[in-house]
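Engineer: In this note's numbering, the protein residues as written are -3 to 194.
Beta carbons are placed, not taken as given, at the ideal position from N, Cα and C, and that holds for glycine.
All values reported here derive from a predicted model rather than from experimental measurement.
This is the structure, below, for whatever I ask next.
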């Protein structure tokens, strides 16, 4: 074998080893979404009947973006995707675009379906304000905080519920925006939940 053949064989061997290494590497960690077995609500990304979801239909647990909402985090108009361009279909907003969860009580339980546990700072839940524009991109100015659940860096518990109280002046179509703030990274997970409140 001449020198050129030896180099070619070595390059081929490295390429094969690299490909095998990539094949054996674990997939990107998955994380969680609203829609656990104890949840009365399901996030937009996982809601049965929603179509045209793109890549997020295969990984509704991966809507991750910079934390610090509302001062930081995803830009207005990209809140539903968490600012993640792979999931930009979620940012489409109109009164008829998404299947709605039906809410008949002023209190509702939500639970996350965790596919990987992360040390948690807190969860925050927002809801759209009265008179919000249902046919415009979702913005932080259209949301108000209704619940904070502090967690002090512990790992979340699968099936744990958070009880939300829907303000008395909300009826019809609204969006609940859920933020799971990870304690030991710079990111959070963002979930948009479409509801019709009776």
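Here's the rule I'm using: 16 or more other beta-carbon atoms within 10 Å means buried, otherwise exposed. How should residue 131 be labelled?
Structural biologist: exposed
Engineer: For the beta strand (DSSP E) containing residue 174, name the first residue and the last one.
Structural biologist: 168 to 178
Engineer: How would you label residue 166, buried or exposed, when you count the other beta carbons within 10 angstroms and need 16 or more for buried?
Structural biologist: buried
Engineer: Jot down the residue ranges of each uninterrupted beta strand (DSSP E) in the segment 95 to 182, minimum 3 residues, whole runs only, in chain order.
Structural biologist: 97 to 99, 103 to 110, 116 to 124, 139 to 146, 157 to 161 and 168 to 178
Engineer: Quick check on DSSP: helix, strand or coil for residue 85?
Structural biologist: Correct three-state label for residue 85: helix.
Engineer: Counting C-beta neighbours from all protein chains within 10 Å, is the total for residue 149 16 or more, i.e. buried, or is it exposed?
Structural biologist: Exposed is the call here.
Engineer: Measuring straight from C-alpha to C-alpha, what distance separates residue 111 and residue 140?
Structural biologist: 28 Å
Engineer: Compare the C-alpha of residue 83 against each of 124, 113 and 55 and name the closest.
Structural biologist: 55
Engineer: Where do the N-terminal and C-terminal ends of the beta strand (DSSP E) with residue 62 fall, by residue?
Structural biologist: 60 to 62
Engineer: Along the beta strand (DSSP E) that carries residue 28, what are the first and last residues, could you check?
Structural biologist: 28 to 30
Engineer: Would you please state the rounded distance, in angstroms, between the beta carbons of residue 190 and residue 119? I believe it to be under 8 Å.
Structural biologist: Not really, about 19 Å apart at Cβ, beyond 8 Å.
Engineer: Among residues of its own chain, excluding the 5 on either side of residue 200, which ones have a beta-carbon nearer than 8 Å to its beta-carbon?
Structural biologist: Residue 200 lies beyond the residue range present for the chain, which begins at -3 and ends at 194; the question has no answer from this structure.
Engineer: So, under 8 Å CB-CB, residue 115 and residue 35 are touching, yes? Tell me the CB distance rounded to an integer number of Å.
Structural biologist: Not confirmed; about 22 Å, so no contact.
Engineer: Under 8 Å between the Cβ atoms of residue 124 and residue 138?
Structural biologist: yes
Engineer: Find out if the Cβ-Cβ distance for the pair residue 63, residue 174 is shorter than 8 Å.
Structural biologist: no
Engineer: What is the rounded straight-line gap between the Cα of residue 39 and the Cα of residue 57?
Structural biologist: In this structure, the straight-line span from the alpha carbon of residue 39 to that of residue 57 is close to 10 Å.
Engineer: Going along the chain, which residues of its own chain have a beta-carbon closer than 6 Å to the beta-carbon of residue 177, five neighbours each way excluded?
Structural biologist: 63, 117, 118 and 184
Engineer: Give the DSSP-derived three-state secondary structure of residue 41 in the structure shown.
Structural biologist: helix
Engineer: For residue 153, count neighbouring Cβ atoms within 10 angstroms of its own Cβ and tell me buried if that reaches 16, exposed if not.
Structural biologist: With fewer than 16 Cβ atoms within 10 Å of its Cβ, residue 153 is classed as exposed.
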